[in-house]
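In mature numbering (1 follows the signal peptide of the UniProt record, and there is no 0), the protein residues as written are -25 to -1, 1 to 39.
Using N, Cα and C, we set each Cβ at its ideal position, and we do this for glycine too.
This structure is a prediction, so every number in the text was calculated from the model and none was measured.
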Ligand SMILES: [Zn+2]
Ligand SMILES: [Zn+2]
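If you want it as structure tokens, here you go:
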């Protein structure tokens, strides 16, 4: 997984605008005014969900 560039502990799940770098975790996003990757000033941040959810596509099984 992609680690947060700031704390290096949690998974980076926040995309910074306008540079669109995915490099911060939810806990660090409020502490950073600038992107740690390109140092551009943060105007907004968006949390993304990189869920590795296992879609239950096996809901229906057919036995003949
Ligand atoms: Zn962090
Ligand atoms: Zn950036």
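Counting C-beta atoms within 10 angstroms of its own C-beta, residue -13 has 16 or more neighbours from the protein chains shown and is therefore classed as buried.
Contact between residue -19 and residue 7 does not hold, since the beta-carbon distance rounds to 10 Å and is not under 8 Å. By the beta-carbon neighbour count (other beta carbons within 10 angstroms, threshold 16), residue 16 is exposed. For residue -23, the CB stays at least 8 Å from every heavy atom of ligand 2.
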